[in-house]
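Order-wise, the sequence lines are chains A and B. If you count the first sequence from 1, position 82 lands on 82 in UniProt numbering, and the numbers rise without skipping. If you count the second sequence from 1, position 284 lands on 284 in UniProt numbering, and the numbers rise without skipping. Backbone N, C-alpha and C fix where the C-beta goes; we use that ideal spot for every residue, glycine too. It should be emphasised that the depicted structure is a prediction, and the values quoted were computed from it without experimental measurement. Take a look at the structure below.
Number of protein chains: 2
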Amino acid sequence: MGPVSEFDWISKYLKPIATSEGAMSLENDVGILASLPPDRPLIATMDTLVEGVHFFRGDPPETLGKKILRVNVSDILCNGAVPKDALLSVALPDWFDEPRFERFCGGLGHDLAQWNVKLVGGDLVSTPGPLVLTMTVTGSCLSPNPVARSGAMVGDAVCVSGTIGAGYQGLDDAKAGRDSPFARHFRVPDIPAPEIAEILSAHANAAIDISDGLIAEAIHVGRASRKAICLDMETVPWARNCASVADMIELGTGGDDYQVLMTLPESKLDIAIKDAASAGIRLTRIGHVAAGDELQLKHRGKIVPVPAKLGFVHGN
Amino acid sequence: MGPVSEFDWISKYLKPIATSEGAMSLENDVGILASLPPDRPLIATMDTLVEGVHFFRGDPPETLGKKILRVNVSDILCNGAVPKDALLSVALPDWFDEPRFERFCGGLGHDLAQWNVKLVGGDLVSTPGPLVLTMTVTGSCLSPNPVARSGAMVGDAVCVSGTIGAGYQGLDDAKAGRDSPFARHFRVPDIPAPEIAEILSAHANAAIDISDGLIAEAIHVGRASRKAICLDMETVPWARNCASVADMIELGTGGDDYQVLMTLPESKLDIAIKDAASAGIRLTRIGHVAAGDELQLKHRGKIVPVPAKLGFVHGN
Numbered sequence: 001m002g003p004v005s006e007f008d009w010i011s012k013y014l015k016p017i018a019t020s021e022g023a024m025s026l027e028n029d030v031g032i033l034a035s036l037p038p039d040r041p042l043i044a045t046m047d048t049l050v051e052g053v054h055f056f057r058g059d060p061p062e063t064l065g066k067k068i069l070r071v072n073v074s075d076i077l078c079n080g081a082v083p084k085d086a087l088l089s090v091a092l093p094d095w096f097d098e099p100r101f102e103r104f105c106g107g108l109g110h111d112l113a114q115w116n117v118k119l120v121g122g123d124l125v126s127t128p129g130p131l132v133l134t135m136t137v138t139g140s141c142l143s144p145n146p147v148a149r150s151g152a153m154v155g156d157a158v159c160v161s162g163t164i165g166a167g168y169q170g171l172d173d174a175k176a177g178r179d180s181p182f183a184r185h186f187r188v189p190d191i192p193a194p195e196i197a198e199i200l201s202a203h204a205n206a207a208i209d210i211s212d213g214l215i216a217e218a219i220h221v222g223r224a225s226r227k228a229i230c231l232d233m234e235t236v237p238w239a240r241n242c243a244s245v246a247d248m249i250e251l252g253t254g255g256d257d258y259q260v261l262m263t264l265p266e267s268k269l270d271i272a273i274k275d276a277a278s279a280g281i282r283l284t285r286i287g288h289v290a291a292g293d294e295l296q297l298k299h300r301g302k303i304v305p306v307p308a309k310l311g312f313v314h315g316n
Numbered sequence: 001m002g003p004v005s006e007f008d009w010i011s012k013y014l015k016p017i018a019t020s021e022g023a024m025s026l027e028n029d030v031g032i033l034a035s036l037p038p039d040r041p042l043i044a045t046m047d048t049l050v051e052g053v054h055f056f057r058g059d060p061p062e063t064l065g066k067k068i069l070r071v072n073v074s075d076i077l078c079n080g081a082v083p084k085d086a087l088l089s090v091a092l093p094d095w096f097d098e099p100r101f102e103r104f105c106g107g108l109g110h111d112l113a114q115w116n117v118k119l120v121g122g123d124l125v126s127t128p129g130p131l132v133l134t135m136t137v138t139g140s141c142l143s144p145n146p147v148a149r150s151g152a153m154v155g156d157a158v159c160v161s162g163t164i165g166a167g168y169q170g171l172d173d174a175k176a177g178r179d180s181p182f183a184r185h186f187r188v189p190d191i192p193a194p195e196i197a198e199i200l201s202a203h204a205n206a207a208i209d210i211s212d213g214l215i216a217e218a219i220h221v222g223r224a225s226r227k228a229i230c231l232d233m234e235t236v237p238w239a240r241n242c243a244s245v246a247d248m249i250e251l252g253t254g255g256d257d258y259q260v261l262m263t264l265p266e267s268k269l270d271i272a273i274k275d276a277a278s279a280g281i282r283l284t285r286i287g288h289v290a291a292g293d294e295l296q297l298k299h300r301g302k303i304v305p306v307p308a309k310l311g312f313v314h315g316n
């Protein structure tokens, strides 16, 4: 099966029927549900994980409960918001029996408590197909607007949290049955500490959750902001040693990192890095924002061609 | 594959991790997200439709776009709330190609406009399995609390909107390839006009969306309210002529009606029926609420045993 042309179909068929202000042109991972006093948007995101695509049948059920929550919480945090409530839908195949469901709920319950998210509803249905997990998570913004992907300004520094490429390497390891920190990250993503929401809300002009690869997400920010995102590949905190630029490109086009890509004024860089560090978040400058609308990749000052395969698409 | 013991698993594993007030013990089809001024809850519901279970591959794609919206809107309306925003997730198999997706969005867009719901976000992923549609819809309550299933009072009249059993007959007709008004209702459910939310909010003590069969939903209201729901089978507005009580039981245990079951003080019955009629909604009294906690079924005064198969479970 070919990968879904997700961005294509969204632009062509969903944007025309999603014209309200709260939809934000479907150009963010969240939509706005309401305004809570004092002028703080209540936002929501929705992510789906499919057996055989985003996780595997042999994964411990606890990890599925954690992963479906974390991929959604990550979207909320990266918009400068505090996660709040969740609704969960599970399409249950025969093989996902009661002991597995109990373990799934154990993992989910653990992480709901950890991230202070309240489960308030959902649906359970049976399916003749693979296990499908869908969750909606809401969040309260910490400022009058979500930190959207469209706010990058010329002269901004570009930063990422954590490391990049753990998801790519983890998928590889998980498929090969290798237990590794990367495989564990693939199953239960390390997402930024909750303080990232405050840091983004206080300092960032734009932000995005890195779920489809660093390079694809940088392009999303550039396009939405109508700016050129310029990345210096040798400054990226890669999750493992890279022997070559091709290696870096591989890690930069893998999915499932769930770190944040942000842009912020150079003048705020030091304080943002310091604030992040005191919350245990490693923030690294990897580039800057310029006029234009193309992604610019460089390695030690030399231009690197942008790969044709722009990001990880969860196809089969 | 056996049916999912949905209510069992919800009670045993999800209720213990859904302890916030907004979850309302997971005993309603909605959860509470926030309080909007002046003291009106913002609620949300989430429903999933699976190919081969809730719809069939041969169904026109437009009908899928309408059905996924309507089954969710129906939950919001039945809680006395006005539908507001939607998030949509689609797990796309190979066979659901671009022309089908376009037609799906056409049907969805039509019904979003009809029900005044704004699409604000969601997710598209690919799947090796059946097409799975999941939607979250939010709603603004018209009074300080949702009209929950737990509010039935001794002496209340029990009413339903529309007719009962169209979903059961429609599934039968759809499976047999018979085109009929019932098959059309199975594909694109007739749900109550939006005015039902005002009527419920103004008059009802308890209400529930009839998605799993009249008899099962009556039991849900009785259990949540700790009251006996007493139904007179001959007064139910069955969707087709019933030759026998067994026939009635069949229609009363089918799914996919998407009408409302409500209880309200006898003193408000006439005005509720009149208000409903002026909105084009047929409201029919089918029983009353008594002390106790058992469902009581009667036909022309004679007790009818409650069937062992209590409601329609969307198994395979």
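Query	Result
From the DSSP output, in three-state form, read off Asp27/A for me.	At residue 27/A the sequence reads Glu, which differs from the Asp that was named. The answer is coil: DSSP assigns Glu27/A none of H, G, I, E or B.
Ordered along the chain, which non-local residues of its own chain (more than five positions away) have a Cβ less than 7 Å from that of Met233/A?	Val245, Met248, Leu297, Lys298, His299 and Val304
Going along the chain, which unbroken runs of the beta strand (DSSP E) with 3 or more residues stay wholly within the region 123-148 of chain B?	132-141
Below 8 Å between beta carbons: does that hold for Ile164/A and Leu231/A?	no
Can you find the residues in the same chain that come closer than 6 Å, C-beta to C-beta, to Pro61/B, ignoring five residues on each side of it along the sequence?	Arg100, Arg103 and Phe104
Pull out every residue of the region 25-45 of chain B whose Cβ sits closer than 9 Å to any Cβ of chain A, in chain order.	Leu26, Asn28, Asp29, Val30, Gly31, Ile32, Leu33, Ala34, Ser35, Leu36, Pro37, Leu42, Ile43, Ala44 and Thr45
So what's Pro47/B in DSSP terms, helix, strand or just coil?	According to the sequence displayed, residue 47/B carries Asp and not Pro. Looking at Asp47/B - three-state DSSP - the assignment turns out to be strand.
Can you name the start and end residues of the beta strand (DSSP E) that Asp275/A belongs to?	Per DSSP, Asp275/A belongs to no beta strand (DSSP E); it is in the alpha helix (DSSP H), Leu269 to Ser278.
With 8 Å set as the bound, which would you pick, yes or no: does the beta-carbon of Trp9/A sit closer than that to a beta-carbon of chain B?	yes
On the premise that Pro83/B lies in contact with Val117/B, defined as a C-beta separation below 8 Å, what is that separation, rounded to the nearest angstrom?	5 Å
Mind checking whether Leu26/B and Leu133/B have CB atoms under 8 Å apart?	no
Per DSSP, Phe55/A is paired with what?	Glu51/A
Can you tell me whether DSSP reads Val221/B as helix, strand or coil?	helix
Thinking C-beta only, is Met262/A closer than 8 Å to Ala207/A?	yes
Is the region 130-144 of chain A touching the region 144-158 of chain B, taking contact as three or more C-beta pairs under 8 Å?	no
Of the choices Pro128/B, Ile10/B, Phe55/B and Ser35/B, whose alpha-carbon is the least far from that of Gly177/B?	Phe55/B
Which of helix, strand or coil does DSSP assign to His314/B?	Note that His314/B has pLDDT 46, beneath the 50 cutoff, so the model's placement of it is unreliable and no number is given.
Quick one: which chain B residues come within Cβ less than 9 Å of Ala67/A?	It should be noted that the sequence gives Lys, not Ala, for residue 67/A. Per Cβ cutoff of 9 Å: no residues; Lys67/A is ~14 Å from chain B at best.
Do you know how far the Cα of Thr19/A is from the Cα of Ala113/B?	11 Å
Since Ile164/B sits in a beta bridge, which residues does DSSP pair it with?	Trp238/B
Measure from the C-beta of Glu102/A to each C-beta in chain B and report whether the shortest distance is under 8 Å.	yes
Tell me the residue span of the beta strand (DSSP E) that contains Ala207/A.	Ala206 to Ile210
Rounded to a whole number of angstroms, what is the C-alpha to C-alpha distance between Glu294/A and Ala148/A?	19 Å
Is DSSP giving Gly2/A helix, strand or coil here?	With a pLDDT of 36 at Gly2/A, under the threshold of 50, the predicted position of this residue should be treated as unreliable, and no value is reported.
Is the CB-CB distance between Ile286/B and Cys78/B below 8 Å?	no
My understanding is that Phe186/B touches Gly170/B, with C-beta atoms under 8 Å, so please give their C-beta distance in whole angstroms.	3 Å
Can you tell me which of the three DSSP states Pro83/A falls into?	strand
What does Thr138/A touch in chain B if you count any residue whose Cβ is under 7 Å from its own?	Leu33
Can you look up Lys309/B in the DSSP assignment and give me helix, strand or coil?	coil
Rounded to whole angstroms, what's the CA-CA distance from Gly80/B to Ala81/A? Just pull it up for me.	29 Å
Under three-state DSSP, which class holds Ser74/B?	helix
Could you check whether the Cβ of Lys118/B sits closer than 8 Å to any Cβ belonging to chain A?	yes
Should Ala279/A be flagged as near chain B, meaning a C-beta pair shorter than 8 Å?	no
For the region 79-91 of chain A, enumerate the residues whose C-beta is nearer than 7 Å to any C-beta of chain B, in chain order.	Asp85, Leu87, Ser89 and Ala91
Does the beta carbon of Val132/A come closer than 8 Å to any beta carbon on chain B?	yes
Can you check DSSP and say which residues form a bridge with Thr263/A?	Val158/A and Ala206/A
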